[in-house]
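Trainee: Quick mapping for you: the protein sequence lines, in order, are chains A and B. The first sequence stops at residue 280 when you use this note's numbering, and every number in between is there. The second sequence stops at residue 237 when you use this note's numbering, and every number in between is there.
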Amino acid sequence: MGRFFKRASLVLAFIAVFAACAAAETPVLRMATTTSTDNTGLLDYLAPLFKQDTGIELQWVAVGTGNALALGRNCDVDILFVHDPESEEEYMKGGYGVDRKQVMYNDFVIIGPKDDPAGIKGKSIKEAMSIIASKKVPFTSRGDKSGTHMKELSLWKTAGVPVPEKEQWYIQTGQGMIQTINIAAEHNGYTLTDRGTFIKYEDNHKGNPPLVILVEGDEALLNQYSVIAVNPERCKEVHYDLATKFIEWITSPRGQQVIAEFKLLGKQLFFPNAK
Amino acid sequence: MDYILEGLINGIILLVSGDEETYSAIWTTLKVSTMSIIASLIIGIPIGFVLGYFDFPGKRILRTISDTLLAMPTVVVGLLVYAFISRRGPLGSLGLLFTLPGIAVGQTILALPIVVSLTAEAVEGLDRQLKLTLLTLGARGRQLAISSLWEGRYAVLLAAATAYGRVISEVGASMMLGGNIKWHTRTMTTAISLETAKGEFDMGIALGLVLMLLALAVNAALSAFKKRAAQ
Numbered sequence: 006m007g008r009f010f011k012r013a014s015l016v017l018a019f020i021a022v023f024a025a026c027a028a029a030e031t032p033v034l035r036m037a038t039t040t041s042t043d044n045t046g047l048l049d050y051l052a053p054l055f056k057q058d059t060g061i062e063l064q065w066v067a068v069g070t071g072n073a074l075a076l077g078r079n080c081d082v083d084i085l086f087v088h089d090p091e092s093e094e095e096y097m098k099g100g101y102g103v104d105r106k107q108v109m110y111n112d113f114v115i116i117g118p119k120d121d122p123a124g125i126k127g128k129s130i131k132e133a134m135s136i137i138a139s140k141k142v143p144f145t146s147r148g149d150k151s152g153t154h155m156k157e158l159s160l161w162k163t164a165g166v167p168v169p170e171k172e173q174w175y176i177q178t179g180q181g182m183i184q185t186i187n188i189a190a191e192h193n194g195y196t197l198t199d200r201g202t203f204i205k206y207e208d209n210h211k212g213n214p215p216l217v218i219l220v221e222g223d224e225a226l227l228n229q230y231s232v233i234a235v236n237p238e239r240c241k242e243v244h245y246d247l248a249t250k251f252i253e254w255i256t257s258p259r260g261q262q263v264i265a266e267f268k269l270l271g272k273q274l275f276f277p278n279a280k
Numbered sequence: 007m008d009y010i011l012e013g014l015i016n017g018i019i020l021l022v023s024g025d026e027e028t029y030s031a032i033w034t035t036l037k038v039s040t041m042s043i044i045a046s047l048i049i050g051i052p053i054g055f056v057l058g059y060f061d062f063p064g065k066r067i068l069r070t071i072s073d074t075l076l077a078m079p080t081v082v083v084g085l086l087v088y089a090f091i092s093r094r095g096p097l098g099s100l101g102l103l104f105t106l107p108g109i110a111v112g113q114t115i116l117a118l119p120i121v122v123s124l125t126a127e128a129v130e131g132l133d134r135q136l137k138l139t140l141l142t143l144g145a146r147g148r149q150l151a152i153s154s155l156w157e158g159r160y161a162v163l164l165a166a167a168t169a170y171g172r173v174i175s176e177v178g179a180s181m182m183l184g185g186n187i188k189w190h191t192r193t194m195t196t197a198i199s200l201e202t203a204k205g206e207f208d209m210g211i212a213l214g215l216v217l218m219l220l221a222l223a224v225n226a227a228l229s230a231f232k233k234r235a236a237q
């Protein structure tokens, strides 16, 4: 039996080591963000530089904007990096967040098969959406309350088309942007994406992807990203001091320059516009 | 087709070259699954032993519950634990969400019924003569119980190996509770799921290979235990 207890104490020692590992502290800032900042690799690029400048380690959970806001409401993260101004404003009104700052933007684009079976190339966004709906060509939607999904819903509205919720050709993936693009490609269909993720997708396909940009450049397609600190008065455990440091850093000339320098295939993915 | 082959080759290159991100996911998986398997053994063996060794009212119902929980979907466990450990939840103050101990809690709950049911079965399956023999040898109370458990050790190890198989291959709870945070809570399975979602297969294939090797190792250990238990 002695051996058994020896083993048991070894096991307990193991657990103690794990516990100690968990307790060993570099300051950690926990962020909830959108899939675009993660999938493109922007945060992978930015986090080490942020740590170098401030000594703070950035950890992030990549979900849709709706989900990120929910994490903020539940006090499960310290800061949000999101892109749906309308729901962000509602979130601020609810008193869940503080210090909301614009950080950067890019734009949304409609992508589809190279041969463009619906014939939307070069049309205005309004026209393009109603052509897609009337021709019933496959269109994939995130369907997950992400910033991109919310934008898509507003685009149907401006085009005067009811959201094709139950239509056969309207495919709600419930997944991240890249996955949604891949599903669109499998169906030879169309989708709405932010330009940053599209460039990443292009890069994945070595610059020759099955889907290409067909509609772009409309004012309605602007994609604004903001940071919001989780309100420390509602959520006692959040690291508000670290969140503040991140907001200061990302909106500083240094942080803004870092964003501008992030490129794939020689193309800039995000454009700093801190205010 | 060639992207699959390309992925396989790149996957092997990642493994051989000791790619940091790939090994971080492997290491994270081993860490968290070790935590959960140890916890489930510490909690589960005594419960399983009591269920298998003693007769008491309600025993059958408890066994049925434990057997039913064997089939509990990982995402349901993820959802339940998430609700409890979120800051808004009753255990929120522990700050477990998006940490390895958080994942370990979920995995422990998944592994526990396996350990309990298989331990109980192992103890029930012990030779009835054994108890008599031990009694005539003068064993009493706790001594008797521990000796019986010791006799069933191979069967208990089998339970541990089976539970380990469930824990390392599980993705739903790890994704929900760990948040798939790079370098921290990204396990092999959640990394594979992410890489597939990104349409990048190299690292997914590399990790898939490691997972399959681990499954092979667990199964080899299982059949070795079975062999020794049969002797």
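Glycine included, each C-beta is placed from N, C-alpha and C at the ideal position. Please read these numbers as outputs of a predicted model, since none were measured by experiment.
Note down, in chain order, every chain B residue with its Cβ under 8 angstroms from the Cβ of GLN180 (chain A).
Mentor: In the first sequence, counting from the first residue as 1, residue 180 (chain A) sits at position 175. Result: ALA203.
Trainee: Which residue spans inside the segment 134–168 of chain A form an unbroken alpha helix (DSSP H) run of at least 4?
Mentor: Taking only runs of at least 4 residues, the alpha helix (DSSP H) segments lying wholly in the segment 134–168 of chain A are 152–163.
Trainee: For ILE233 (chain A), decide whether its Cβ has a neighbour in chain B, counting only Cβ atoms nearer than 8 angstroms.
Mentor: Locating residue 233 (chain A) in the first sequence gives position 228, where the first residue counts as 1. So, not an interface residue.
Trainee: Check the Cβ of THR206 (chain B) against every Cβ in chain A and list those closer than 7 angstroms, keeping chain order.
Mentor: In the second sequence, residue 206 (chain B) corresponds to position 200, counting from 1. Residue 206 (chain B) is actually Glu in this sequence, not Thr. Per Cβ cutoff of 7 angstroms: ASN209.
Trainee: Classify GLU62 (chain A) as helix, strand or coil using the three-state DSSP reduction.
Mentor: On the first sequence, residue 62 (chain A) is found 57 positions in, with the first residue counted as 1. Three-state result, GLU62 (chain A): strand.
Trainee: Indicate the three-state DSSP secondary structure (helix, strand or coil) for GLY210 (chain B) in the structure shown.
Mentor: Position 204 of the second sequence, counting from 1, holds the residue named residue 210 (chain B). DSSP places GLY210 (chain B) in helix when its eight states are reduced to three.
Trainee: Identify each residue in the segment 182–193 of chain A for which the Cβ-Cβ distance to at least one residue of chain B is less than 7 angstroms, and report them in chain order.
Mentor: Residues passing the 7 angstroms Cβ filter: ILE183, GLN184, ASN187.
Trainee: At the level of alpha carbons, what is the spacing between MET182 (chain B) and ARG78 (chain A)?
Mentor: Counted from its first residue, the second sequence places residue 182 (chain B) at position 176. Counted from its first residue, the first sequence places residue 78 (chain A) at position 73. Answer to the nearest angstrom: the Cα atoms are 17 angstroms apart.
Trainee: Consult DSSP for ARG69 (chain B) and reduce its assignment to one of helix, strand or coil.
Mentor: For the purposes of this step, residue 69 (chain B) is taken as the residue at position 63 of the second sequence. Correct three-state label for ARG69 (chain B): helix.
Trainee: Measure the C-alpha to C-alpha separation of MET6 (chain A) and ALA73 (chain A) and round it to an integer number of angstroms.
Mentor: By 1-based counting over the first sequence, the position of residue 6 (chain A) is 1. By 1-based counting over the first sequence, the position of residue 73 (chain A) is 68. Because the pLDDT at MET6 (chain A) is just 45, under 50, the model does not fix this residue reliably, and the value given afterwards should be weighed accordingly. For MET6 (chain A) and ALA73 (chain A), the distance between alpha carbons rounds to 52 angstroms.
Trainee: Which residues in the same chain have their Cβ closer than 6 angstroms to the Cβ of TYR230 (chain A), if we skip the five residues on either side of it in sequence?
Mentor: Taking the first residue of the first sequence as position 1, residue 230 (chain A) is located at position 225. These residues qualify, in order along the chain: HIS88, VAL108, MET109.
Trainee: For my contact list, THR191 (chain B) and VAL177 (chain B) are in at a C-beta cut-off of 8 angstroms; report their separation, rounded to the angstrom.
Mentor: The residue given as residue 191 (chain B) occupies position 185 in the second sequence. The residue given as residue 177 (chain B) occupies position 171 in the second sequence. No, THR191 (chain B) and VAL177 (chain B) are not in contact; Cβ-Cβ is about 13 angstroms, not under 8 angstroms.
Trainee: How about the segment 144–158 of chain B and the segment 80–92 of chain B: do they share at least three Cβ pairs that are nearer than 8 angstroms?
Mentor: No, they do not touch.
Trainee: How about ASP121 (chain A) and LEU216 (chain A): do their beta carbons lie closer than 8 angstroms?
Mentor: As a position in the first sequence, residue 121 (chain A) is number 116, starting the count at 1. As a position in the first sequence, residue 216 (chain A) is number 211, starting the count at 1. No, these two residues do not count as a Cβ contact at 8 angstroms.
Trainee: Could you round the C-beta distance between ALA123 (chain A) and PRO169 (chain A) to whole angstroms and report it? I think they count as a contact, below 8 angstroms.
Mentor: In the first sequence, counting from the first residue as 1, residue 123 (chain A) sits at position 118. In the first sequence, counting from the first residue as 1, residue 169 (chain A) sits at position 164. Incorrect: roughly 14 angstroms between the Cβ atoms, too far for contact.
Trainee: Counting only Cβ-Cβ distances shorter than 7 angstroms, please list the residues of the segment 77–98 of chain B near chain A, keeping chain order.
Mentor: The segment 77–98 of chain B vs chain A, Cβ under 7 angstroms: SER92, ARG93, ARG94.
Trainee: Out of B:GLY185, B:ARG93, B:ARG159, state which residue places its alpha-carbon closest to the alpha-carbon of ILE109 (chain B).
Mentor: Along the second sequence, read from residue 1 onward, the residue named residue 109 (chain B) stands at position 103. Residue B:GLY185 is the option with its Cα nearest to ILE109 (chain B).
Trainee: Any C-beta of chain A sitting closer than 8 angstroms to the C-beta of LEU103 (chain B)?
Mentor: Looking up residue 103 (chain B) in the second sequence gives position 97. Yes, LEU103 (chain B) counts as interfacial toward chain A.
Trainee: Is the shortest distance between the beta-carbon of ASP120 (chain A) and the beta-carbons of chain B less than 8 angstroms?
Mentor: Numbered from 1 along the first sequence, position 115 holds the residue referred to as residue 120 (chain A). No, its Cβ sits nowhere closer than 8 angstroms to a Cβ of chain B.
Trainee: In whole angstroms, what separates the C-alpha of LEU47 (chain A) from that of GLN113 (chain B)?
Mentor: Reading the first sequence from its first residue, position 42 is the one you call residue 47 (chain A). Reading the second sequence from its first residue, position 107 is the one you call residue 113 (chain B). C-alpha separation (whole angstroms): 32 angstroms.
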